[in-house]
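Trainee: Can you keep this structure in mind? I'll have questions shortly.
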């Protein structure tokens, strides 16, 4: 039923009319109702490092961040973010003018689009995409233009010719996600170089969602687009602490960019949450300074979990696209005799006691995503092994 005001006009504004309750809320509720193992929503079932939790407790007890923190974020965290970018990627940022702390990456994405996109501007995004992208583009009054990653040789690939053809005189911005959710694709240096050349040629801006930057496997390499020639001055780089440190509930994200771009993003951000997560900012500053062994152990742990789930899904009859990044596996359900990911995911908890998410929710072209289903492997090994056992019955 469409909500109507007394005037007969719909209560929900037309920009958001196409967006209802997220699939994650629906499937998580289904997991609770059926007692199924929830491999749908991407949150770990264990907390991150104990010393980082204790850093948050100390901040609370010492009164650090219990009142409003500074609008751009506490200095300690901004300095830690700048040090992380330089140590990892050779990107040098002024923590006072080129770093902005946000309420997770989701707010950073929304604020970037609200601050940089004018009504009618076209925004290109790689489809399938995280569902907040479409809503954020709509709230900014932009027009989203999907460029679809397509399955080929066991992975999802970007067609650079299709990307080039999507750019028009109305294109303002490219919204890029690598490592890519939900497909697990990690764009290569050659692909990113081609993208950078196109962006410079057509004088575009780029917002890059790099929240899975430390979750790369096999021979994959995460390369920030901002590190390539000509991209530092036209790229807003976004990341967050949730995926890397397994504290998704803290909602601490950040933006790094030139002072002009950070100012544009902050102009919108200050009217969204204003500030957030004061005590947790101190803890995330400590987390970013963890030794390289932490990040190596995180990757090794997730790689082993990926392989447990991938092997089990293959044995159950799914076609598996083994990810090179993130903590999601996309599968094709057609070998099981299924065609409709929505129907499959809604029946799976009753059939097998496992929850997954239909990839079609991440597509404008729903038919393109219809047979694909996403599973998360950021869970304890015994949980994944139990899920694999249950899926044998499918």
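Residue numbers (my numbering): 2 to 395.
Glycine included, each C-beta is placed from N, C-alpha and C at the ideal position.
Is there contact between the region 296 to 307 and the region 204 to 220, where contact requires at least three CB pairs shorter than 8 Å?
Mentor: yes
Trainee: What residues are listed by DSSP as bridge partners for residue 320?
Mentor: Here residue 320 corresponds to residue number 319 of the chain shown, with the count starting at 1. According to DSSP, residue 320 bridges with 333.
Trainee: Would you identify the three-state DSSP class for residue 171, choosing helix, strand or coil?
Mentor: Position 170 of the chain shown holds residue 171. Of the three classes helix, strand and coil, the one that applies to residue 171 here is coil, per DSSP.
Trainee: In chain order, what residues of the same chain have a beta carbon less than 7 Å from the beta carbon of residue 236, not counting five sequence neighbours either side?
Mentor: Start at 1 with the first residue of the chain shown, and residue 236 comes out as number 235. Excluding positions up to five away in sequence, the list reads 207, 209, 226, 227, 258.
Trainee: Just mark residue 2 as buried or exposed, buried being the case when its beta carbon has 16 or more other beta carbons within 10 Å.
Mentor: Here residue 2 corresponds to residue number 1 of the chain shown, with the count starting at 1. For residue 2, the predicted structure reports a pLDDT of 47, less than 50, and the residue's modelled location is therefore unreliable. The matter cannot be settled from this model.
Trainee: With a threshold of 8 Å on Cβ separation, who are the neighbours of residue 366 within its own chain once the five nearest residues in sequence on each side are excluded?
Mentor: Numbered from its first residue, the chain shown carries residue 366 at position 365. The answer, listed in chain order, is 128, 147, 149.
Trainee: Helix, strand or coil for residue 133? Go by DSSP, reduced to three states.
Mentor: Translated into positions along the chain shown, residue 133 becomes position 132. Helix, per DSSP.
Trainee: When you compare each of 242, 183, 383, 272 to residue 370 by their alpha carbons, which one comes out closest?
Mentor: Against the chain shown, residue 370 aligns to sequence position 369. Here the closest residue by C-alpha is 183.
Trainee: Can you look up residue 154 in the DSSP assignment and give me helix, strand or coil?
Mentor: Numbered from its first residue, the chain shown carries residue 154 at position 153. Looking at residue 154 - three-state DSSP - the assignment turns out to be coil, as it is neither helix nor strand.
Trainee: Out of 84, 269, 190, which has the shortest C-alpha to C-alpha gap to residue 110?
Mentor: Here the question's residue 110 lines up with position 109 in the chain shown. Nearest option by C-alpha distance: 269.
Trainee: Comparing alpha-carbon positions, which option in 344, 386, 380 lies nearest residue 24?
Mentor: Counting from 1 along the chain shown, the entry for residue 24 is found at position 23. The residue with the shortest Cα to Cα distance from residue 24 is 344.
Trainee: Mind checking whether residue 254 and residue 106 have CB atoms under 7 Å apart?
Mentor: Along the chain shown, read from residue 1 onward, the residue named residue 254 stands at position 253. Along the chain shown, read from residue 1 onward, the residue named residue 106 stands at position 105. Going by C-beta atoms, residue 254 is nearer than 7 Å to residue 106.
Trainee: Could you spell out the range, first to last residue, of the alpha helix (DSSP H) harbouring residue 342?
Mentor: Start at 1 with the first residue of the chain shown, and residue 342 comes out as number 341. From DSSP, the alpha helix (DSSP H) with residue 342 extends over 342 to 353.
Trainee: Quick one: what's got a C-beta closer than 7 Å to residue 386's C-beta in the same chain, skipping five residues either side?
Mentor: What you label residue 386 is simply residue 385 of the chain shown in a count that begins at 1. Cβ within range, chain order: 309.
Trainee: So, for residue 425: in the same chain, excluding its five sequence neighbours on each side, which residues have a beta-carbon less than 7 Å away from its beta-carbon?
Mentor: No answer is possible for residue 425: the residues shown for the chain start at 2 and end at 395.
Trainee: Tell me whether residue 236 sits in a helix, a strand or coil according to DSSP, three-state version.
Mentor: Taking the chain shown and counting its residues from 1, one reaches residue 236 at position 235. Three-state DSSP puts residue 236 in a strand.
Trainee: What did DSSP end up calling residue 118 once you bin it into helix, strand or coil?
Mentor: By 1-based counting over the chain shown, the position of residue 118 is 117. Three-state result, residue 118: coil.
Trainee: Check whether the region 278 to 295 and the region 128 to 147 are in contact - that is, three or more C-beta pairs closer than 8 Å.
Mentor: A contact between stretches requires three or more CB pairs, one per stretch, nearer than 8 Å, and the region 278 to 295 fails this requirement with the region 128 to 147.
Trainee: When the Cα of residue 334 is compared with those of 327, 326, 357, which residue comes out closest?
Mentor: Residue numbering aside, residue 334 sits at position 333 when the chain shown is read from its first letter. Scanning 327, 326, 357 for the CA closest to the CA of residue 334 turns up 357.
Trainee: Taking the straight line between their C-alpha atoms, what separation do you get for residue 181 and residue 45?
Mentor: Stepping through the chain shown from its first residue, residue 181 is reached at position 180. Stepping through the chain shown from its first residue, residue 45 is reached at position 44. Spanning the two alpha carbons is a distance of roughly 18 Å.
Trainee: For the candidate residues 31, 349, 336, 94, whose alpha-carbon lies nearest to that of residue 260?
Mentor: As a working mapping, residue 260 is identified with position 259 in the chain shown. The shortest C-alpha separation from residue 260 is found at 94.
Trainee: Could you tell me how far apart the beta carbons of residue 79 and residue 100 are, in whole angstroms, since I believe they sit closer than 8 Å?
Mentor: For the purposes of this step, residue 79 is taken as residue 78 along the chain shown, with counting starting at 1. For the purposes of this step, residue 100 is taken as residue 99 along the chain shown, with counting starting at 1. Correct: roughly 4 Å between the Cβ atoms.
Trainee: Please state whether DSSP places residue 248 in a helix, a strand or coil.
Mentor: Numbered from 1 along the chain shown, position 247 holds the residue referred to as residue 248. Coil at residue 248, not helix or strand.
Trainee: Return the chain-ordered ranges of every alpha helix (DSSP H) run that is complete within the region 20 to 61 and spans a minimum of 4 residues.
Mentor: 24 to 35
Trainee: Quick one: what does DSSP say residue 257 is sitting in, helix, strand or coil?
Mentor: As a working mapping, residue 257 is identified with position 256 in the chain shown. In the structure shown, residue 257 sits in a strand (DSSP, three-state: E or B).
Trainee: How is the alpha helix (DSSP H) around residue 186 delimited, first residue to last?
Mentor: Residue numbering aside, residue 186 sits at position 185 when the chain shown is read from its first letter. Per DSSP, residue 186 belongs to no alpha helix (DSSP H) and is neither H nor E.
Trainee: Nearest to residue 171 by alpha carbon, out of 179, 159, 152, 144?
Mentor: Numbered from 1 along the chain shown, position 170 holds the residue referred to as residue 171. With distances taken between Cα atoms, residue 171 lies closest to 144.
Trainee: So who's on the other strand from residue 375, going by DSSP bridges?
Mentor: Taking the chain shown and counting its residues from 1, one reaches residue 375 at position 374. DSSP lists 331, 358 as partners of residue 375.
Trainee: Nearest-angstrom Cα distance between residue 153 and residue 377?
Mentor: For this step, residue 153 is matched to residue 152 along the chain shown. For this step, residue 377 is matched to residue 376 along the chain shown. Taken atom to atom, the span from the alpha-carbon of residue 153 to that of residue 377 is near 21 Å.
Trainee: Taking residue 279 as the reference, give the member of 223, 199, 16, 63 with the closest Cα.
Mentor: Sequence index remark: in the chain shown, residue 279 carries index 278 (1-based). With distances taken between CA atoms, residue 279 lies nearest to 63 out of 223, 199, 16, 63.
Trainee: Just how far apart, CA to CA, sit residue 266 and residue 131?
Mentor: For the purposes of this step, residue 266 is taken as residue 265 along the chain shown, with counting starting at 1. For the purposes of this step, residue 131 is taken as residue 130 along the chain shown, with counting starting at 1. Distance between the alpha carbons of residue 266 and residue 131 is about 20 Å.
Trainee: Can you list, in chain order, the residues of its chain with a C-beta nearer than 6 Å to that of residue 32? Leave out the 5 residues immediately preceding and following it.
Mentor: Taking the chain shown and counting its residues from 1, one reaches residue 32 at position 31. So the qualifying residues of the chain are 39, 356.
Trainee: On a Cα-Cα basis, can you pick out the residue from 10, 53, 35, 47 that is closest to residue 283?
Mentor: For the purposes of this step, residue 283 is taken as residue 282 along the chain shown, with counting starting at 1. Comparing Cα positions, the closest option is 53.
Trainee: Can you name the residues that DSSP bridges to residue 222?
Mentor: Here residue 222 corresponds to residue number 221 of the chain shown, with the count starting at 1. DSSP output for residue 222 lists no bridge partner at all.
Trainee: What residues are listed by DSSP as bridge partners for residue 93?
Mentor: Within the chain shown, residue 93 is the residue found at index 92, counting from 1. BP columns for residue 93 are empty, so no partner.
Trainee: Between which two residues does the beta strand (DSSP E) holding residue 192 run?
Mentor: Along the chain shown, read from residue 1 onward, the residue named residue 192 stands at position 191. Where residue 192 is concerned, there is no enclosing beta strand (DSSP E), although the alpha helix (DSSP H) it sits in stretches over 190 to 203.
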